[in-house]
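K.L.:
Numbering (the working numbering), first residue to last: 1 to 341.
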């Protein structure tokens with residue numbers, strides 16, 4: 001045991017949040033969001049919070065595995081032990097780093113200034129023709145970036161819907177088309193070719209995560225950018241893709257991405273290549289994720305405008321407005337979420 005490392009009081013609360021409507025994933029219907037909120041406190045009375053929000057089909061730890069790690073720590077733990085959960089626990093590592101960082105937020109020497117500018121937020125549109133009315137409502141609220149799921153139905157019908165969405169976009173509006181790895185190489189190329197005529201910011205994860213060569217070829221062959229999501233989890237994944245010469249973008253879910261310091265080191269050379277996205281956490285995970293995006297100088301629209309995935313349980317997790325910055329970050333109250341659990 002590292003006796004030189006500060007000792008912290010440690011506690012945690014697990015939660016289960018049913019979705020309003022089950023979410024369709026590559027593993028079937030996702031009916032319940034499970035996660036764990038952790039709380040740390042030091043001898044000076046400072047308190048910090050983090051959130052463990054695993055998604056096992058992204059190759060994170062499982063909820064059960066994360067819970068076992070929390071139980072193994074006990075009510076008191078050294079900071080060094082907390083910040084080094086070991087391999088295979090990226091969500092635990094991210095939550096531990098967020099908790100310690102937030103505990104030190106008022107300590108000038110232990111915090112990093114948040115970029116003063118506000119960053120746009122992307123609105124997630126519903127599937128099908130309901131997206132047409134939704135894009136107009138969101139546009140009236142000031143949103144200019146909109147995310148649309150593709151690859152779940154007939155290609156011609158989906159492209160017809162996107163064509164109509166383009167006609168309803170606000171001025172300077174852009175679309176993000178997310179396939180969740182559901183296309184084959186030929187269909188993905190068809191989408192990328194069609195997207196050249198539309199205001200598309202990027203097509204997200206057109207092919208399965210293991211289709212590395214085909215993903216690289218698609219990105220090289222088309223003018224519309226390709227963004228990786230399911231293909232990248234941690235800083236090590238980002239580095240491997242960069243070593244391959246990846247020319248596209250990275251969609252990062254910071255709650256799943258492991259040690260904050262490692263992630264920051266990969267983002268620092270080119271923040272413009274990164275999009276920060278929700279893992280459907282509570283406000284605690286949201287605050288940690290968007291706070292990190294602001295500190296890193298990420299300017300692309302945040303993928304946290306996820307709307308009403310959950311019943312009104314007052315745990316939050318979605319940004320309602322089209323912009324987010326330091327004032328909105330300060331309005332998030334992790335202690336209130338902890339008390340509601």
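Ideal placement from N, C-alpha and C gives every residue a C-beta, glycine not left out.
Check whether the region 59 to 75 and the region 5 to 14 are in contact - that is, three or more C-beta pairs closer than 8 Å.
P.N.:
yes
K.L.:
Taking buried to mean at least 16 other C-beta atoms within 10 Å of its own C-beta, is residue 29 buried or exposed?
P.N.:
Exposed, since its Cβ has fewer than 16 Cβ neighbours within 10 Å.
K.L.:
Taking its Cβ as the centre, do 16 or more other Cβ atoms sit within 10 Å of residue 105, making it buried, or is it exposed?
P.N.:
exposed
K.L.:
Indicate whether residue 187 and residue 24 have their beta-carbon atoms separated by less than 9 Å.
P.N.:
no
K.L.:
Going along the chain, which unbroken runs of the beta strand (DSSP E) with 3 or more residues stay wholly within the region 115 to 174?
P.N.:
119 to 124 and 145 to 149
K.L.:
Taking a contact to mean a Cβ-Cβ separation below 9 Å, would you say residue 53 touches residue 47 in this structure?
P.N.:
Pairing residue 53 with residue 47 gives a Cβ-Cβ distance that is not under 9 Å.
K.L.:
To which residues does DSSP link residue 275 through a beta bridge?
P.N.:
251
K.L.:
Whose C-beta lies closer than 8 Å to the C-beta of residue 230 among residues of the same chain, with five residues either side of it excluded?
P.N.:
Within its own chain, the residues whose Cβ lies closer than 8 Å to the Cβ of residue 230, once the five positions on either side in sequence are excluded, are 58, 180, 181, 205, 208 and 209, listed in chain order.
K.L.:
Mind reading off the beta-carbon distance from residue 338 to residue 19? Whole number of angstroms is fine, and I expect it under 8 Å.
P.N.:
In fact, because the Cβ distance is near 22 Å, the residues do not count as touching under 8 Å.
K.L.:
Could you check whether the region 115 to 124 touches the region 160 to 173, counting it as contact only if at least three pairs of C-beta atoms, one from each stretch, sit closer than 8 Å?
P.N.:
no
K.L.:
Measuring alpha carbon to alpha carbon, tell me which residue in 307, 86 and 146 is nearest residue 201.
P.N.:
146
K.L.:
If you follow the beta strand (DSSP E) that residue 214 is in, where does it begin and where does it stop?
P.N.:
Careful: residue 214 lies outside any beta strand (DSSP E), inside the alpha helix (DSSP H) at 212 to 221.
K.L.:
What do you get for residue 246, buried or exposed, if any count of 16 or more other CB atoms within 10 angstroms of its CB means buried?
P.N.:
Residue environment analysis places residue 246 among the buried positions, since at least 16 neighbouring C-beta atoms fall within 10 angstroms of its C-beta.
K.L.:
Starting from residue 19, trace the alpha helix (DSSP H) both ways and give me its first and last residue.
P.N.:
Element bounds for residue 19: not the alpha helix (DSSP H) but the beta strand (DSSP E), 7 to 25.
K.L.:
Whose C-alpha, out of 261, 305 and 267, is nearest the C-alpha of residue 342?
P.N.:
There is simply no residue 342 to check, as the chain begins at 1 and stops at 341 in what is shown.
K.L.:
In three-state DSSP terms, what is residue 35?
P.N.:
strand
K.L.:
Check each candidate in 211, 193, 123 and 161 and name the one with the smallest Cα separation from residue 174.
P.N.:
123
K.L.:
In the DSSP assignment, the alpha helix (DSSP H) including residue 63 goes from what residue to what residue?
P.N.:
63 to 73
K.L.:
Run the CB neighbour count on residue 283, radius 10 Å, all protein chains shown included, and call it buried at 16 or more, exposed below.
P.N.:
buried
K.L.:
Taking the alpha helix (DSSP H) that residue 187 falls in, what are its first and last residues?
P.N.:
185 to 195
K.L.:
Using DSSP's beta-bridge definition, name the partner residues of residue 305.
P.N.:
123
K.L.:
In chain order, what residues of the same chain have a beta carbon less than 8 Å from the beta carbon of residue 189, not counting five sequence neighbours either side?
P.N.:
218, 221 and 222
K.L.:
Do residue 119 and residue 325 count as a contact pair if the criterion is CB distance below 9 Å?
P.N.:
In contact: residue 325 and residue 119 (Cβ atoms closer than 9 Å).
K.L.:
The alpha helix (DSSP H) spanning residue 238 covers which residue range?
P.N.:
235 to 243
K.L.:
Under a Cβ-count criterion, where at least 16 other Cβ atoms within 10 Å of its own Cβ denotes burial, should residue 321 be classed as buried or exposed?
P.N.:
exposed
K.L.:
Can you give the beta carbon distance from residue 275 to residue 251, rounded, assuming they're within the 8 Å contact cut?
P.N.:
Yes, residue 275 and residue 251 are in contact; Cβ-Cβ is about 5 Å, under 8 Å.
K.L.:
Express the C-alpha separation of residue 37 and residue 263 in angstroms, rounding to a whole number.
P.N.:
21 Å
K.L.:
How long is the line joining the alpha carbons of residue 141 and residue 34, rounded to whole angstroms?
P.N.:
31 Å
K.L.:
For my contact list, residue 299 and residue 271 are in at a C-beta cut-off of 8 Å; report their separation, rounded to the angstrom.
P.N.:
Residue 271 and residue 299 do touch by the CB rule: their CB atoms are close to 7 Å apart, below 8 Å.
K.L.:
Taking C-alpha atoms, which residue in 178, 74 and 235 lies nearest to residue 91?
P.N.:
235
K.L.:
Just verifying my parser: in three-state terms, what is the DSSP assignment at residue 76?
P.N.:
strand
K.L.:
Just verifying my parser: in three-state terms, what is the DSSP assignment at residue 176?
P.N.:
strand
K.L.:
Can you tell which of 327, 199 and 143 has the C-alpha that lies nearest to the C-alpha of residue 164?
P.N.:
When each option's Cα is compared against that of residue 164, the closest is 199.
K.L.:
Suppose you measure from the CA of residue 310 to the CA of residue 125; what does that come to, to the nearest Å?
P.N.:
15 Å
K.L.:
Whole angstroms is fine: what's the gap from residue 343's alpha carbon to residue 149's?
P.N.:
Beyond the ends of the chain as shown, which are 1 and 341, falls residue 343; an answer cannot be given.
K.L.:
What whole-angstrom Cβ distance do residue 253 and residue 273 have, given they're in contact under 8 Å?
P.N.:
No, residue 253 and residue 273 are not in contact; Cβ-Cβ is about 16 Å, not under 8 Å.
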